[in-house]
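Going by the working numbering, the sequence shown wraps up at 1683, each residue one higher than the last.
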Amino acid sequence: IVDGTGHPAFSGDVGIKGDGIAEVGNLEGKKAAKIIDAKGFVVSPGFIDMHTHCDDGLGDPESKANLNYLIQGTTTVVTGNCSFGTFEIAKTRKLWGRQGIGTNAIHLVGLGDVRRAVLGVDPREPTPEEIEKMQSIVRKAMEEGAWGVSAGLEYIPNRYASTEEVIALTKIAAEFGGVYSSHQRDECSRVPEATEETIRIAEETGIHVNVAHYKVCGKSNWGMIKEAVNVINQARARGIPITADMYPYEKAATGYLWEVFLIPKDMEPLAGLQKKMEGPRLPAEERQKLRAQYKEELVKALKDQEKRGRIKKLTDNGYPHDPGPVVMWGWDNLTVMVADKNPDLIGKIISDLAEEQGRDAFDVAADIVIGDPDAYQSGGAMSEEEMKYAMKQDWLMFSSDGEAFPVVTEEDKPRNGHPRSFGSQARVLQRYVREEKVLPLEDGIRKMTYLPASFLQLKDRGILKKGYKADIAIFD
């Protein structure tokens, strides 16, 4: 038994009554209606995933069971992250309750969705009246059961929010004892400065803050992690309630390769389709149709030399208010992950392909998309040694940043999703506990159970203890 507290493992039994833990210890001779023989296995609290994007999946009848999380031992997922979380909490809870879901779910209100509801995607500062409207939205959501708020300060439209705007909205969640999860304004070259902004928000609101998917992206930025970690350690020494979570993979975002291209605002029909995609949140099926139409039109534009040239100029330089993936990460951090029509490209970095072919990196990527519009990429490279350094910090938790999928079989599982949706918790235990011995088993489990439960202020989960809920993981 590894009870989640970080204390040494011990041999024993766990007695369950109803949905709660009745006793933990030596229960030899006690009678039970059902016995699960876990001899030779590890029994721990069910894992709590601090950062997921299971929102849509939990509302889909095909993926509501959240099986790809349950098979990892995850029993609770936090949704609504990175500023993308509905504020219609009562409606969401009613849906989840009516149809049933496989895991527990904690929902955060996305400050990007709140801003979009009031200002659309306008990059300007909100008026005092608009701030009040956004505060009212957050307040209503908290009253309906939201657990806190999330930011995605690299994403449209949340990137347009000043620190003062974030503080104005976050303090409403703080009034309810809520939490704040921040996808920070920078995860590459300015991580210490971005973390200082997160700390300021905590200082001025009193809210508990968590840095989402903690990382330093891009090879040119490796070596920064100690400085970044020190910023958090100094804040904690001053009593600031700040933590962070991390997924155990060296690659960050995944997406279709066509998503890295930026489109001029007057290039129709692409600009109009993009505006719809960035507008009010649409049902999942409508979003899929819209993206398919956008992809088709983009391929046409990339075949047109005049349009292609304009797209290249913007992609390589960025918008005034949005640098885009290529400016943020560079072509040397974009790797082809899926390419059915040209499998020889899989695993190749775009900049390396450009060097091999003696061509411009944009042109290489554009031609890949023309030939295979469904080509998939991963972007943002992290140093595993720096990841290990961060993992050892007492305040670092584990997460997946993944999604709920409707299938989990080896034959049918999606090939264009990040493996973190299927294997994050297992990878922590296999690679960083057993193989690399970065963490002892007890601390690895603590970082997936008691530590997130403490941040979320869950009073009855995260530990194997009498009176707590029987959310339990068993693994070999």
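Glycine included, each C-beta is placed from N, C-alpha and C at the ideal position.
Residues that DSSP places opposite residue i in a beta bridge
i            : result
residue 1223 : 1228
residue 1233 : DSSP output for residue 1233 lists no bridge partner at all.
residue 1255 : 1283
residue 1452 : 1604
residue 1463 : 1583
residue 1631 : Paired residues: none, contrary to the question.
residue 1250 : 1681
residue 1458 : 1588
residue 1676 : 1227
Per-residue burial, residue i [other beta carbons within 10 Å of its own, 16 or more giving buried]
i            : result
residue 1164 : The first residue shown for the chain is 1208 and the last is 1683, placing residue 1164 beyond what the model contains.
residue 1550 : exposed
residue 1269 : exposed
residue 1239 : exposed
residue 1524 : exposed
residue 1461 : buried
residue 1361 : buried
residue 1428 : buried
residue 1521 : buried
residue 1449 : buried
residue 1296 : buried
residue 1306 : exposed
residue 1608 : buried
residue 1336 : exposed
residue 1415 : buried
residue 1217 : exposed
residue 1312 : buried
residue 1254 : buried
residue 1653 : buried
residue 1271 : buried
residue 1251 : buried
residue 1210 : buried
residue 1412 : buried
residue 1628 : buried
residue 1214 : exposed
residue 1391 : buried
Nearest neighbour of residue i, chosen from the options [CA to CA]
i            : options                   : result
residue 1503 : 1578, 1328, 1539 and 1370 : 1578
residue 1603 : 1437, 1459 and 1267       : 1437
residue 1468 : 1575, 1497, 1382 and 1402 : 1575
residue 1552 : 1534, 1538, 1570 and 1583 : 1583
residue 1289 : 1548, 1420, 1486 and 1516 : 1420
residue 1316 : 1281, 1279, 1283 and 1389 : 1389
residue 1451 : 1598, 1647, 1271 and 1666 : 1598
residue 1365 : 1670, 1560, 1341 and 1222 : 1341
residue 1376 : 1539, 1325, 1397 and 1394 : 1325
residue 1281 : 1216, 1540 and 1259       : 1259
residue 1656 : 1425, 1645, 1673 and 1632 : 1632
residue 1372 : 1306, 1384, 1352 and 1405 : 1405
residue 1454 : 1209, 1590 and 1678       : 1590
residue 1308 : 1319, 1345 and 1262       : 1262
residue 1593 : 1383, 1509, 1506 and 1423 : 1423
residue 1508 : 1465, 1353 and 1537       : 1465
residue 1291 : 1213, 1363 and 1511       : 1363
residue 1720 : 1534, 1418 and 1585       : Absent from the model: residue 1720. The displayed extent of the chain is 1208 to 1683, so no value can be given.
residue 1600 : 1645, 1580 and 1387       : 1645
residue 1435 : 1403, 1445 and 1417       : 1403
residue 1528 : 1328, 1660 and 1215       : 1328
residue 1398 : 1432, 1298 and 1249       : 1432
residue 1430 : 1447, 1446, 1396 and 1458 : 1396
residue 1538 : 1526, 1571 and 1244       : 1571
residue 1605 : 1367, 1412, 1650 and 1470 : 1650
residue 1223 : 1417, 1265, 1386 and 1676 : 1676
residue 1501 : 1242, 1345, 1477 and 1491 : 1477
residue 1384 : 1369, 1345, 1370 and 1394 : 1345
residue 1515 : 1215, 1334, 1545 and 1573 : 1573
residue 1407 : 1440, 1494 and 1447       : 1447
residue 1680 : 1221, 1215, 1536 and 1534 : 1221
residue 1648 : 1634, 1409 and 1381       : 1634
Any non-hydrogen atom of the ligand GTP closer than 7 Å to residue i Cβ
i            : result
residue 1469 : Although the ligand GTP was asked about, the structure shown includes no ligands whatsoever.
Decide if the region 1596 to 1614 is in contact with the region 1271 to 1278; the criterion is three or more beta carbon pairs, one per stretch, under 8 Å apart. Output reads yes: the region 1271 to 1278 touches the region 1596 to 1614.
Quick one: which unbroken beta strand (DSSP E) runs of 3-plus residues sit fully inside the region 1524 to 1589? Chain order, please. Runs of the beta strand (DSSP E) lying entirely within the region 1524 to 1589, each at least 3 residues long, are 1541 to 1545 and 1583 to 1588 in chain order.
Inter-stretch contact (C-beta, 8 Å, three-pair minimum) for the region 1473 to 1482 and the region 1558 to 1575: Taking a cut-off of 8 Å on C-beta distances, the region 1473 to 1482 does not touch the region 1558 to 1575, as fewer than three cross pairs fall below it.
How do the region 1302 to 1316 and the region 1631 to 1651 stand: do at least 3 beta-carbon pairs fall below 8 Å, yes or no? Contact fails: fewer than three Cβ-Cβ distances are below 8 Å.
List in chain order: all unbroken beta strand (DSSP E) runs of 3+ residues lying wholly within the region 1305 to 1387. Runs found: 1311 to 1317 and 1355 to 1359.
For the region 1318 to 1334 and the region 1656 to 1673, state whether three or more C-beta atom pairs, one from each stretch, are separated by less than 8 Å. Not touching, per the Cβ criterion.
I'd like the ranges of any beta strand (DSSP E) spanning at least 3 consecutive residues and lying wholly in the region 1389 to 1424. Runs of the beta strand (DSSP E) inside the region 1389 to 1424: 1415 to 1418.
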